[in-house]
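A.B. asks: Can you read through this structure? Questions will come right after.
In UniProt numbering, the protein residues as written are 1 to 375.
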């Protein structure tokens, strides 16, 4: 059976499923399935739950809302990009609990005129994200296939909780009481940075989205108007766009942080500012609120590499860092004086009302909101 030139409507459901399953095989039927488990193929799969409990999360991507088939900048979204991001954002949620991803199931809705090669590329991107991001024990356990007017990918992720227990947004009672009195240190992890173009830091995915949503002709005009020293190079532009289309959540750091005493944690999907305020509300109380502050030196370091891309987008680099989302790094809290887990860095503080830490400025509650956009 060949898929060259074919669209979804040219194939029977079984034929399309065979093509999808072939691309998913390394993380589905050919993955490790211990005794007592059931791989995909029956009405339901059976996955191991070595600790007796399972972390569960779900997220979705919809054409026209979360991605465009052709962006105003002229970039076409490939199936591989959608598959990668759909897997990555769900793996990120499990990671934020300190759990190790163990399974993914997906429901895929497709228009009849979708090219079959685009769909198989989506399955390939799904597989690639699992393997490249380091979710080696994660299996694709099945899903559903249906027809609709637009592409829609819904994914549910399962994970094995760590031995020390999952990490929630709310610290344990004793630690929380201490934080209400002393404040807390706000920490962040993106993954390996290195001296080159490693894992994108906060703000890069938002910068990529801003580029993608700008008309190509306008981008060229803006680039021509910039001083050469202020004009981003091709490598910077590609880094930003890749951060948006293929995010890289640091999957090794979630479980490691859970075993290193981090008090609270979540992934950064809606922006450092908005998500820091969520941690502050989860830790504080109406009578004892906590206020987020950002370290000015950290903000300057994080914003500096984004300066040229921000100039092309007519935005401030600090805005990308604090209000941009979809980087899928980890944001957490540690008690004052406690050791910061490996891979994390101090980026700010939560402080009781009336306190202002030196070298910090207020962290505004700005970021992505599905029903209000960036505020």
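Don't be surprised by glycine CBs; every beta carbon is placed ideally from N, CA and C.
Nothing here was measured: the structure is a model prediction, and the numbers come from that model.
1) Out of 159, 43 and 185, point me to the one whose CA is closest to residue 92's CA.
2) Just to check my reading of the structure: residue 84 and residue 128 have Cβ atoms closer than 8 Å, yes? What is that Cβ distance to the nearest angstrom?
3) For the stretch 270 to 277 and the stretch 174 to 183, state whether three or more C-beta atom pairs, one from each stretch, are separated by less than 8 Å.
4) With DSSP as the reference, label residue 327 as helix, strand or coil.
5) Quick test of the definition: if touching needs 3 or more C-beta pairs under 8 Å, does the stretch 245 to 253 touch the stretch 90 to 110?
6) Does any heavy atom of the ligand MG sit closer than 6 Å to the C-beta of residue 65?
7) Taking only runs that begin and end inside the stretch 249 to 292, name each unbroken alpha helix (DSSP H) of 4 or more residues, in chain order.
8) Between residue 296 and the rest of its own chain, which residues show a CB-CB distance below 7 Å, the 5 nearest in sequence each way excluded?
9) Using DSSP bridges, identify the partner residues of residue 333.
10) With DSSP as the reference, please indicate the residues paired to residue 345 in a beta bridge.
11) Does the contact criterion of 3 or more C-beta pairs under 8 Å hold for the stretch 223 to 233 versus the stretch 308 to 326?
12) Which residue wins for smallest C-alpha separation from residue 210, given the options 22, 292 and 313?
13) Flag this pair as touching only if the stretch 114 to 122 and the stretch 165 to 172 have three or more C-beta atom pairs under 8 Å; answer yes or no.
14) Do residue 29 and residue 39 have their C-beta atoms within less than 7 Å of each other?
15) Where does residue 213 fall in DSSP's three states?
16) Judging by CA-CA distance, which residue of 346, 109 and 275 is the nearest neighbour of residue 365?
17) Whole angstroms are fine: how far does the CA of residue 219 sit from the CA of residue 79?
18) If we count the other Cβ atoms within 10 Å of its Cβ and call it buried at 16 or more, is residue 149 buried or exposed?
19) When you compare only the Cα positions, how much space is there between residue 100 and residue 288?
20) Are residue 26 and residue 37 closer than 7 Å when you measure CB to CB?
21) For residue 228, does the count of other Cβ atoms within 10 angstroms reach 16, so buried, or fall short, so exposed?
22) Beta-carbon separation of residue 162 and residue 98 under 7 Å?
23) Cβ atoms of residue 187 and residue 393: under 7 Å apart, would you say?
24) Alpha carbon to alpha carbon, how far is residue 264 from residue 223?
C.D. replies: Here's the rundown:
1) Here the closest residue by C-alpha is 159.
2) By a beta-carbon distance limit of 8 Å, residue 84 contacts residue 128. Their separation comes to about 6 Å.
3) With the cut-off at 8 Å, the stretch 270 to 277 and the stretch 174 to 183 do not touch.
4) DSSP places residue 327 in coil when its eight states are reduced to three.
5) yes
6) The ligand MG is absent from the structure shown, which contains no ligand whatsoever.
7) Fully enclosed alpha helix (DSSP H) runs of 4 or longer: 253 to 258 and 272 to 283.
8) 359, 360 and 361
9) Paired residue(s): 186 and 264.
10) Among the bridge pairs identified by DSSP, residue 345 is matched with 188.
11) Yes, since at least three Cβ pairs between the stretch 223 to 233 and the stretch 308 to 326 fall closer than 8 Å, the two stretches touch.
12) 313
13) no
14) yes
15) coil
16) 275
17) 25 Å
18) exposed
19) A straight line joining the alpha-carbon of residue 100 with that of residue 288 spans about 34 Å.
20) no
21) exposed
22) yes
23) Summary: the structure shown does not reach residue 393, with the chain confined to residues 1 through 375, and so no result is reported for it.
24) 42 Å
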